[in-house]
Amino acid sequence: MVEQKINPVATLSDVKRINPLIPMKAKVTRIIDETADVKTFCIAKEEAGRFTAPFRTAPGQLAMLSLPGVGEAMFSATDAPEHLQLSIKKVGVLTDALHEICPGQTVGVRGPYGNGFPMDEYKGKNILFIGGGIGLAPVRSVVRYCVDHRDDFGQLHLIYGSRSPADLVFKYDLFDTWPAVRDFKVSVTVDRGDDQWKGNVGFVPAFIEQLRPDPENTVCILCGPPIMIKFTLGILDKLGFTPENVITTLEMRMKCGIGKCGRCNIGSCFVCLDGPVFSLAQLKTMPNEY
Amino acid sequence: MQRLKAFPKAKLTAVLEMMIQKATVWVPSMIAGVSRFAPYRPGTDIQMGTNTAISPKEALFPSTEKIYKFSAYGIDGDFEPVDPSVGPQILFGLRSCDMQGILCLDDVFLTRGYVDDFYGSKREATTLITLGCVTPGADCFCASMGVNPAEHDASDAQMYDLGDAYGIIARSVKGEALVKDLMAAGLLSDTDKSQGPTADFVLKVDSEGITEKLQQMFDHPLWDELSRKCLNCGTCAYLCPTCHCFDIAEKKRNQHCGVKIKCWDTCMFSEYALMAGGHNPRPSKKERVRQRFMHKLRYFPERYGKLQCTGCGRCIAKCPVNLEITDVIKLAGEAKSDG
Chain A
1 MVEQKINPVA
11 TLSDVKRINP
21 LIPMKAKVTR
31 IIDETADVKT
41 FCIAKEEAGR
51 FTAPFRTAPG
61 QLAMLSLPGV
71 GEAMFSATDA
81 PEHLQLSIKK
91 VGVLTDALHE
101 ICPGQTVGVR
111 GPYGNGFPMD
121 EYKGKNILFI
131 GGGIGLAPVR
141 SVVRYCVDHR
151 DDFGQLHLIY
161 GSRSPADLVF
171 KYDLFDTWPA
181 VRDFKVSVTV
191 DRGDDQWKGN
201 VGFVPAFIEQ
211 LRPDPENTVC
221 ILCGPPIMIK
231 FTLGILDKLG
241 FTPENVITTL
251 EMRMKCGIGK
261 CGRCNIGSCF
271 VCLDGPVFSL
281 AQLKTMPNEY
Chain B
1 MQRLKAFPKA
11 KLTAVLEMMI
21 QKATVWVPSM
31 IAGVSRFAPY
41 RPGTDIQMGT
51 NTAISPKEAL
61 FPSTEKIYKF
71 SAYGIDGDFE
81 PVDPSVGPQI
91 LFGLRSCDMQ
101 GILCLDDVFL
111 TRGYVDDFYG
121 SKREATTLIT
131 LGCVTPGADC
141 FCASMGVNPA
151 EHDASDAQMY
161 DLGDAYGIIA
171 RSVKGEALVK
181 DLMAAGLLSD
191 TDKSQGPTAD
201 FVLKVDSEGI
211 TEKLQQMFDH
221 PLWDELSRKC
231 LNCGTCAYLC
241 PTCHCFDIAE
251 KKRNQHCGVK
261 IKCWDTCMFS
271 EYALMAGGHN
281 PRPSKKERVR
291 QRFMHKLRYF
301 PERYGKLQCT
311 GCGRCIAKCP
321 VNLEITDVIK
331 LAGEAKSDG
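Just so you know, the sequences run in chain order A and B. For the record, in the first sequence the residue sitting at position 23 is 23 according to this note's numbering, with numbers rising by one throughout. For the record, in the second sequence the residue sitting at position 142 is 142 according to this note's numbering, with numbers rising by one throughout.
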């Protein structure tokens, strides 16, 4: 049998509710317009007049967000004590409806689901983050963890790209918060610039080749559109990054989030339970069907 | 050794009448021309002779099931759980293949960190009574999938076909309670008879090593060939005793409220894995047919250590284009690996 090298019950300790399919009631407390088609939703539960996160998530874990009467879908979650942050691109029926709601809206939320990034394994290492488009959302959950635990990690370097300057998400983090963090290099590129853009213009893979990040004692965390991932993997290989040190997240359609409904399988793995975080070494043992 | 207890086939109705005093009893029956397991009522057209056309999984995993109610009034809304539990129930006259199917469903719904309460609560409330098969149907091939048609040791009680009577032995605490009730009602007597040998299977296939073989066949041209005639109708999955995939969908009662339902779904449907934004990891029939057979014969064994086909033969009996899993096993077994 093919060795899977996957920990299928990483989420066991996170099961806090009796029935994992029933959402808990929560409210949207704040909505941040990131770009024309991306908004960040802050979601909290109200208890005795105080708002707190409905549940805490580890970097890379997922949350199922439900808009009653419309539907539910799985999103990458970013943790905070006071709320859960979900950055959502407008791409379909549910996300279109979500982009119409206002703060105060009641939503349902369940989770956390998935394995998350094994942050303990990265202790003492340099971390190279590579993100493309909305792929910065899962990367950001890890970046925030690393910033909060700055002394646990070596050098941090983020390489991020989007289609145009207007499509850059989390600009407040990219240009204000993160560059101020000790030993944190932030490199941003856009596919097409505009009159005001003074930064790099070009695709992410070419930008990486130009920056030549050092693979020595470095873990690379990579999330973005499939085409970017495909070309970036080639470059990382050339630079000397081993498959064990290249980590990514996968997306599949999901319904249950607990490995029962069958929908998100890739071979014998369920992305909702055994993923969404996989190393390139793990992906190489799985059927190429994602 | 204790002698086998038995009741005459002519007393079947009396046995069922006694059982329904304490539980809902699902029996193989003919309903509107289709044989399936259904709760016994006086007058039910019981079909003990051959296995049912529709699998008994619906007693534990209904085709459609409410999981919670929701309401939405502007920015306000609410979620109200639905009690998943059922009263005590008995699955009566289950064949070995379907008992094995329930073990597959147990693996999915009750293990790996999470329990699906909707399945779990029904499973807990259910007593399983298996019945030995002595005359396999034309589409049956359970013996080829490692299932013993004569008996299954995972049930709560086993019945044996003794010709004019049914022998019964208890295998669990639940089964013992049931046999005790039958004894107390004076319905059982000792017998020296035993179940005869199971007749030869018409349909046989060599499934030895199929999992390992399929691990080398993801990109094999066999899938193009096999999928050509498939209609992606999903009949196979809906009849299958082990297919567990489900959808979670909304059913609106009116503008403001509705119910969320868990309902059967299948990897045969084109929208099954389709993501918002349009990407579909299984865009054509080839990927979907490959997924179905790979799941049954390779992915499930890799994950849970057992084949996900129990040889019940329902998909073979009802497939409109005769895309038969036994042929898939045979062709994959004969094919050269790596395509």
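For each residue, glycine too, the CB sits at the ideal point set by N, CA and C. Values in this document were obtained by computation on a predicted structure and should not be read as measured data.
When the cut-off is 7 Å and only beta carbons count, does residue i lie next to chain A?
i	result
V15/B	no
P283/B	no
Y238/B	no
P221/B	no
C104/B	no
V108/B	yes
Y114/B	yes
P81/B	yes
G209/B	no
G305/B	no
F70/B	yes
E302/B	yes
D117/B	yes
I75/B	yes
M268/B	no
How close, in whole Å, do the beta carbons of residue i and residue j come, if the pair is a contact with beta carbons under 8 Å?
i	j	result
F70/B	P68/A	4 Å
G131/A	A77/A	Actually they are not in contact, since the Cβ atoms of G131/A and A77/A sit about 16 Å apart, beyond 8 Å.
Y113/A	G257/A	4 Å
R253/A	M275/B	5 Å
F37/B	A53/B	Actually they do not touch by this definition, with Cβ atoms about 11 Å apart.
G353/B	L110/B	Summary: the structure shown does not reach residue 353/B, with chain B confined to residues 1 through 339, and so no result is reported for it.
Of all the CB atoms in chain B, is at least one closer than 7 Å to the CB of residue i?
i	result
T106/A	yes
R253/A	yes
D14/A	Legend: pLDDT at D14/A = 39, less than 50; position of this residue unreliable, value from coordinates given subsequently. Output row for D14/A: interface = no.
I43/A	no
P23/A	yes
P112/A	no
C223/A	no
E46/A	no
I258/A	yes
C261/A	yes
Y145/A	no
G240/A	no
G267/A	yes
N19/A	yes
State buried or exposed for residue i, treating a residue as buried only when at least 16 other CB atoms are found within 10 Å of its CB.
i	result
H149/A	exposed
I227/A	exposed
L178/B	buried
K122/B	buried
C102/A	exposed
E65/B	buried
S207/B	buried
M183/B	exposed
S284/B	exposed
Quick check on DSSP: helix, strand or coil for residue i?
i	result
I227/A	helix
E72/A	strand
C243/B	coil
I248/B	strand
M24/A	strand
E338/A	This structure does not reach residue 338/A, given that chain A is present from 1 up to 290, and the question cannot be answered.
D33/A	strand
T13/B	helix
Q85/A	strand
S96/B	helix
S108/A	A small fix is needed here, since residue 108/A is Gly in this sequence, not Ser. G108/A falls in the strand class under three-state DSSP.
Y113/A	strand
V91/A	coil
I20/B	coil
E244/A	helix
T78/A	strand
E216/A	coil
L280/A	helix
G167/B	strand
M252/A	coil
Practice item. Kindly provide the ranges of any beta strand (DSSP E) runs that are 3 or more residues long and lie completely inside the segment 120–180 of chain A, ordered along the chain. Key: 126–132 and 156–162
Point to revise | Entirely enclosed alpha helix (DSSP H) segments - the segment 274–324 of chain B, minimum 4 residues | key: Every alpha helix (DSSP H) stretch that sits fully inside the segment 274–324 of chain B and reaches 4 residues is listed by chain position as 285–294, 300–304 and 314–318.
Exercise for review: Only counting runs of 3 or more residues, tell me where the beta strand (DSSP E) segments fall wholly within the segment 106–161 of chain B, in order along the chain.
Suggested key: 126–131 and 157–161
Practice item. Any chance you could list the beta strand (DSSP E) runs of at least 3 consecutive residues sitting entirely within the segment 31–85 of chain B, in chain order? Key: Fully enclosed beta strand (DSSP E) runs of 3 or longer: 34–39, 64–73 and 76–81.
**Study point:** Inside the segment 192–268 of chain B only - alpha helix (DSSP H) runs reaching at least 4 residues
**Key:** 210–214, 222–227 and 235–239
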